[in-house]
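Chemist: The opening residue of the sequence shown carries number 120 in the numbering used here; numbering runs sequentially from there.
Beta carbons are placed, not taken as given, at the ideal position from N, Cα and C, and that holds for glycine.
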Amino acid sequence: RAETWRAMEDAYRQGLVRAIGVSNMTVQHLRKLKESASIWPPACNQVEVHPLYPQTDLLEYCQREGIVVQAYASLGGQDTG
C-alpha cells in the first residue's frame, strides 16, 4: 500500500492527477499509510457502507481526518436480505 501511495503522490506532484484516493481501507490501513505519507489526507476512501454494515468507526475516523467517504452498496447488496 505504501509503495502504491508514493507512486500516486508522485503523479499528483507532477500534475498528472488532481486528487488521489484509496479504496477499501480500514482505520488500521489508513493509520499505517499516514505514517509514511507526505501528502495527506486522501481525497476519498471508497468503501462498502450500508445499514447492515455501517462501519461507524471508519466513518468517524475519516471525518476527523478530512477524508470523504464514498459508499458503494449503500442500500446493501444482493446478498443482504
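Quickly, what does DSSP pair H169 with across the bridge? List them, please.
Modeler: Partner(s): Y172.
Chemist: Please name the residue, chosen from V166, H148, R120 and R150, that lies closest to A190 on a Cα-to-Cα basis.
Modeler: Ranking the options by Cα distance to A190, first place goes to V166.
Chemist: Measure the CB-CB distance between D164 and S193 and report whether it falls below 9 angstroms.
Modeler: Looking at the sequence shown, residue 164 is not Asp but Asn. No. Outside cutoff.
Chemist: Using a Cβ-Cβ cutoff of less than 7 angstroms, which residues in the same chain neighbour I186 once the five nearest sequence positions on both sides are dropped?
Modeler: The residues are P160, P161, C163 and N164.
Chemist: How many whole angstroms separate the CB atoms of L152 and R132, which I take to be in contact at a CB cut-off of 8 angstroms?
Modeler: Their Cβ separation, rounded to whole angstroms, is 17 angstroms, which puts L152 and R132 out of contact at 8 angstroms.
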